[in-house]
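> Numbering (the working numbering), first residue to last: 16 to 421. Below: one structure in structure tokens.
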Ligand SMILES: Nc1ncnc2c1ncn2[C@@H]1O[C@H](COP(=O)(O)OP(=O)(O)OP(=O)(O)O)[C@@H](O)[C@H]1O
Ligand code: SF4
Ligand SMILES: [Mg+2]
């Protein structure tokens, strides 16, 4: 596995600037144990706004009626309606409506992932976890913000430089079946990265593939099977083997066990943990299953509608949670011991659409503590220890900065 310095040197050498640095590359002096730092990352999707057919029909039929009685006026009205509908040319006030809206899937998140640790990212379906993960490893281009991997701002790299970084950051997808080429055998799927990066070919590639297949608990004869010939758990092992092929430092695990049944889940989780210990890997672990996150993760970030609501060590978030959303999420986790069960919190209200969400706190429509300020101002960052941060107007206590605890 390459060291931090060698990755930087390789990138800088590719940029033709040696270790003195390049104007295009941006480096960040990071704390020693931090592998990845994300600064104010945003990913907005452009959503075309469909024609409002009903309004168009009402306007069109009305102008037809006018046309029947007053030919000239009706003709002008019909022309205006058609122009407004198709938007050509621009004639205010008819077509002021934008043709594109922005879906704010990830809206200004900041986080740090420490070397050799497992960082959990949790939140309801559709809150932006997978989009955040894909933007972090640059499978999606961010709308704004920066991702520093081992000190390098990866969004400034050329595709050739990014190829070098990609060796060190991999992903295991939510749906292993959709992420594996159905026409390639397991052998070819795992060997593909060797070929792309010019690492090994022929017998050497096959030797490495068989080693990886064994590492993830598959048998050598599985190498020549196609993805549809595997069970769900075996397919996920195959996805993990592919992610490990280039000996990465950092892996995004996007709900790696959510499609598996309980008996297989335990085995895959054990494999993920064993590999992390053996190879010193760093994970971003995305999951819905909070009891699993509590056991596995060193740190946890709680996300809602594209924003981070609360973050801290697993103990901070699960034992001393501050945010009303975290409280509601955690209250839904089943607890085996009846003496430790807490009252379930059922959230009322609608989740606002991520397209043009309301100003202020994104949780305002469902929050039991909501007040006027929540509807106008973004919640402030408040620290409850040097590791525990929460974004809320109405949770008591807290300091403006983590510095207060040093
Ligand atoms: N390519 C895309 N184009 C437009 N919108 C998208 C795209 N990908 C995701 N979205 C939207 O972005 C939001 C976040 O999606 P994302 O897949 O990141 O959620 P998630 O938290 O991973 O959900 P789940 O837990 O169900 O996997 C959703 O509203 C989704 O519809
Ligand atoms: S800022 Fe207001 S709406 Fe948001 S979580 Fe806190 S109390 Fe609730
Ligand atoms: Mg997802």
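Backbone N, C-alpha and C define an ideal beta-carbon position, used for all residues, glycine too. This structure is a prediction, so every number in the text was calculated from the model and none was measured.
State the DSSP-derived secondary structure class of residue 85, mapped to helix, strand or coil.
Reduced to three states, the DSSP call for residue 85 is coil.
> Run through DSSP, which three-state label would residue 51 get?
Correct three-state label for residue 51: strand.
> For residue 338, count neighbouring C-beta atoms within 10 Å of its own C-beta (all shown protein chains included) and say buried if the count is 16 or more, exposed if not.
Looking at its Cβ environment, which holds 16 or more other Cβ atoms inside 10 Å, residue 338 is buried.
> Quick test of the definition: if touching needs 3 or more C-beta pairs under 8 Å, does the stretch 209-219 touch the stretch 192-200?
As far as the Cβ criterion goes, the stretch 209-219 does not touch the stretch 192-200, which means the pair count is below three.
> What are the start and end residues of each continuous alpha helix (DSSP H) run of 4 or more residues lying completely inside the stretch 283-313, in chain order?
Within the stretch 283-313, the complete alpha helix (DSSP H) runs of at least 4 residues are 305-311.
> Output the boundary residues of the alpha helix (DSSP H) element that contains residue 340.
From DSSP, the alpha helix (DSSP H) with residue 340 extends over 339-346.
> Rounded to a whole number of angstroms, what is the C-alpha to C-alpha distance between residue 106 and residue 74?
Any reading at residue 106 must be qualified, since the residue scores a pLDDT of 49, below 50, and its modelled position is unreliable; the value itself is stated next. Spanning the two alpha carbons is a distance of roughly 16 Å.
> Identify the continuous beta strand (DSSP E) that holds residue 326 and give its terminal residues.
That run of the beta strand (DSSP E) goes 322-328.
> Since residue 264 and residue 311 should fall inside the 8 Å C-beta cutoff, what is the C-beta to C-beta distance between them, to a whole number of angstroms?
Actually they do not touch by this definition, with Cβ atoms about 19 Å apart.
> Run through DSSP, which three-state label would residue 375 get?
Note: residue 375 maps to coil in three-state DSSP.
> Assuming residue 128 contacts residue 50 under a Cβ cut-off of 8 Å, what Cβ separation, rounded to an integer in Å, is found between them?
Indeed they touch by this definition, with Cβ atoms about 6 Å apart.
> Smallest Cα separation from residue 241: which of 314, 417, 388 and 193?
Per the Cα distances, 193.
> Do the stretch 343-354 and the stretch 292-307 make contact, defined as three or more Cβ pairs closer than 8 Å?
Contact holds: three or more Cβ-Cβ distances are below 8 Å.
> For residue 373, I'd like the list of residues in its chain whose CB is within less than 6 Å of its CB, leaving aside the five on either flank, ordered along the chain.
Here the set comprises 367.
> Using 10 angstroms around the beta-carbon of residue 416, count the other beta-carbons present and answer buried if the total reaches 16, otherwise exposed.
Flag for residue 416 reads exposed.
> Using a Cβ distance threshold of 8 Å, determine whether the stretch 266-275 contacts the stretch 208-217, with at least three qualifying pairs required.
The stretch 266-275 is not in contact with the stretch 208-217.
> Taking 8 Å as the limit between beta carbons, can you name the residues of its chain near residue 365, skipping five residues before and five after?
Here the set comprises 380 and 381.
> Under 7 Å: does the beta carbon of residue 304 sit that close to some heavy atom of ligand 3?
Flag unset: Cβ of residue 304 not near ligand 3.
> Quick one: is the Cβ of residue 394 within less than 7 Å of any heavy atom of ligand 2?
For ligand 2, at least one heavy atom lies less than 7 Å from the Cβ of residue 394.
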